[in-house]
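*Asks:*
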Amino acid sequence: MTNQKKLTILAVTVLLVPALFISGCTGELSAEEIVEQMQEKEASIQDYSYTMQITSYFGNQTKEIEIQTLQKKPDKTKTVTIKPEEEAGSIAVVDGEFMWVYDLKTNKVIKMEMPDTPILGEIDYAGIISEFLNKRDVSLLGMEEIDGRPTYLLETKPREKEEGLLIGRMKFWVDKETWMFLRYEMYDSSGDLSIKFEIRDLKIDQGIPDSEFVFEVPEGATVKTVNFDSLIPKEMTLEEARESAGFEILIPEYLPEEYAFNYSTVSNNSWIAPEGQASETVSLTYENEEGDYIFLSETVHENEAQEAPIMNSAEDMIINGMEGKYL
Numbered sequence: 131m132t133n134q135k136k137l138t139i140l141a142v143t144v145l146l147v148p149a150l151f152i153s154g155c156t157g158e159l160s161a162e163e164i165v166e167q168m169q170e171k172e173a174s175i176q177d178y179s180y181t182m183q184i185t186s187y188f189g190n191q192t193k194e195i196e197i198q199t200l201q202k203k204p205d206k207t208k209t210v211t212i213k214p215e216e217e218a219g220s221i222a223v224v225d226g227e228f229m230w231v232y233d234l235k236t237n238k239v240i241k242m243e244m245p246d247t248p249i250l251g252e253i254d255y256a257g258i259i260s261e262f263l264n265k266r267d268v269s270l271l272g273m274e275e276i277d278g279r280p281t282y283l284l285e286t287k288p289r290e291k292e293e294g295l296l297i298g299r300m301k302f303w304v305d306k307e308t309w310m311f312l313r314y315e316m317y318d319s320s321g322d323l324s325i326k327f328e329i330r331d332l333k334i335d336q337g338i339p340d341s342e343f344v345f346e347v348p349e350g351a352t353v354k355t356v357n358f359d360s361l362i363p364k365e366m367t368l369e370e371a372r373e374s375a376g377f378e379i380l381i382p383e384y385l386p387e388e389y390a391f392n393y394s395t396v397s398n399n400s401w402i403a404p405e406g407q408a409s410e411t412v413s414l415t416y417e418n419e420e421g422d423y424i425f426l427s428e429t430v431h432e433n434e435a436q437e438a439p440i441m442n443s444a445e446d447m448i449i450n451g452m453e454g455k456y457l
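If you use our numbering, the sequence shown closes out at 457, no skipped numbers anywhere.
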């Protein structure tokens with residue numbers, strides 16, 4: 131995954147993750163009470179900053195990312211990469227009108243006009259929390275201290291055990307004073323830790339000035355302007371996808387009864403990927419008369435890609451003479 135793309139994803143993650151963990155509880159709470167408390171606290175926060183450590187577990191490999199984040203309502207965000215060392219100094223800024231992504235290593239800037247829909251900035255936190263709690267059981271395990279701050283330790287588990295479920299239980303530590311999470315852990319369906327978020331130096335309502343979100347293009351840097359709408363894959367027929375894709379598309383020989391092809395999409399990240407690191411993805415969508423969907427996607431990389439964390443619990447198998455994974 132490219133530096134710029136990582137920063138973009140992290141910018142979104144930094145905004146979305148706190149939405150799951152702002153609450154105002156002192157004991158066992160219902161989903162409705164958690165949402166109510168979250169709304170009251172979230173509505174009062176105008177800005178916040180922190181340093182986030184993200185640790186991902188890729189099979190036997192461990193990868194660490196560290197970023198500094200500033201956010202100001204309604205639509206300003208800034209993230210600066212600290213680790214890994216080869217990406218240190220890379221920046222992503224949303225100034226309310228544009229997103230700027232700067233790769234220090236290549237001295238390149240991506241400029242993107244933000245869409246009207248609130249991808250970054252103002253988010254329906256209450257809706258996210260409500261949807262989250264409707265699908266998972268939440269329990270209070272007790273109190274723990276993190277960096278000297280008392281926190282509520284909560285655990286969530288899926289309400290129904292579904293075959294192929296990728297995410298198992300989750301644990302998060304909610305700061306008693308600010309009602310924001312200070313740590314978050316996600317486990318796969320086998321019970322193994324797959325990703326961990328840790329928050330340090332959390333500060334709320336410090337009066338962050340707008341000047342913090344003004345991006346100045348570094349001297350000598352090249353700027354590429356990208357239209358957001360052009361990045362959204364268009365729905366097309368299978369024949370159109372075959373003509374557009376740069377590789378032979380694999381078509382399933384068998385589908386459950388009554389499922390029929392609906393549409394396909396073709397996308398690639400060549401517009402942002404460094405030389406030799408681009409990838410192309412073809413997605414196929416099948417639908418039955420009840421409106422149920424089956425989504426299949428196939429990604430081809432220029433070079434070998436790092437295995438995703440969700441594949442930790444996958445089973446090796448042979449599919450039509452080819453090596454594959456079963457989740």
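C-beta: ideal position from N, C-alpha, C; glycine also. All figures in this text were calculated on a predicted structure; none of them were measured in a lab.
1) Just the Cα atoms here: how many angstroms apart are G451 and D267?
2) Using CA atoms only, rank isn't needed, just tell me which of K208, M447, E445 and S174 is closest to T308.
3) Would you decide whether Y255 is buried or exposed? Buried here means 16 or more other CB atoms lie within 10 Å of its CB.
4) Touching or not, the region 196–205 and the region 351–359, by the rule of three or more beta carbon pairs under 8 Å?
5) My output table needs one value for D305: the three-state DSSP class, helix, strand or coil.
6) How is A390 classed by DSSP in three states: helix, strand or coil?
7) Going by beta-carbon coordinates alone, are V239 and V344 separated by less than 8 Å?
8) Just reading off the alpha helix (DSSP H) that S186 is part of, what are its end residues?
9) Excluding the 5 residues preceding and the 5 following T286 in the sequence, name in chain order all residues of the same chain whose CB lies nearer than 6 Å to its CB.
10) Taking the alpha carbon of I338 as the point to measure from, which residue in T429, Y180, M273 and K171 has its own alpha carbon closest?
11) Let me check one thing: in DSSP terms, what residues is E274 bridge-paired to?
12) From the DSSP output, in three-state form, read off K127 for me.
13) What would DSSP say about A403, mapped onto helix, strand or coil?
14) Starting from L414, follow its DSSP beta bridges and name the residues at the other end.
15) Go ahead and pull the three-state DSSP assignment for M316.
16) How about E194 and T207: do their beta carbons lie closer than 8 Å?
17) Indicate whether at least one CB of chain B lies closer than 8 Å to the CB of F377.
18) Put D340 into one of helix, strand or coil per three-state DSSP.
19) Opposite F228 in the DSSP bridges: which residues?
20) Rounded to whole angstroms, how far is the Cβ of P348 from the Cβ of N237, which I believe are closer than 8 Å?
21) On a Cα-Cα basis, can you pick out the residue from E417, V396 and L271 that is closest to K282?
22) Report the partner residues of D233 according to the DSSP bridge assignment.
23) Any chance the region 363–373 sits against the region 391–409, with 3 or more Cβ pairs inside 8 Å?
24) Can you tell me the Cβ-Cβ gap for I329 and M182, rounded? I've got them flagged as a contact below 8 Å.
25) Quick check on the burial criterion: 16 or more other C-beta atoms within 10 angstroms. Buried or exposed for F228?
26) So which of E432, T415, E387 and S400 has the shortest CA-CA distance to T367?
27) Rounded to whole angstroms, what is the Cα-Cα separation between K171 and D305?
28) Could you give the distance in angstroms between the alpha-carbon of E445 and the alpha-carbon of E387?
29) Taking only the alpha-carbon atoms, compute the straight-line gap between K235 and Y389 and give it to the nearest angstrom.
*Replies:* Let's see:
1) 41 Å
2) S174
3) Since pLDDT at Y255 reaches only 49, below the 50 mark, its modelled position is unreliable, and the value read off the structure follows with that caveat. Answer is buried; the Cβ neighbour count reaches 16.
4) no
5) strand
6) strand
7) no
8) First-last for S186: D177 to F188, but that is the beta strand (DSSP E), not the alpha helix (DSSP H).
9) R266, V268 and M300
10) Y180
11) T281
12) Because the chain here runs from 131 to 457, residue 127 falls outside it and cannot be looked at.
13) coil
14) S394 and L426
15) strand
16) no
17) No chain B appears in this structure, which consists of one protein chain only.
18) helix
19) E243
20) 7 Å
21) Position check: residue 282 holds Tyr in this sequence, whereas Lys was assumed. Residue L271 is the option with its Cα nearest to Y282.
22) K238
23) yes
24) 6 Å
25) exposed
26) T415
27) 12 Å
28) 26 Å
29) 47 Å
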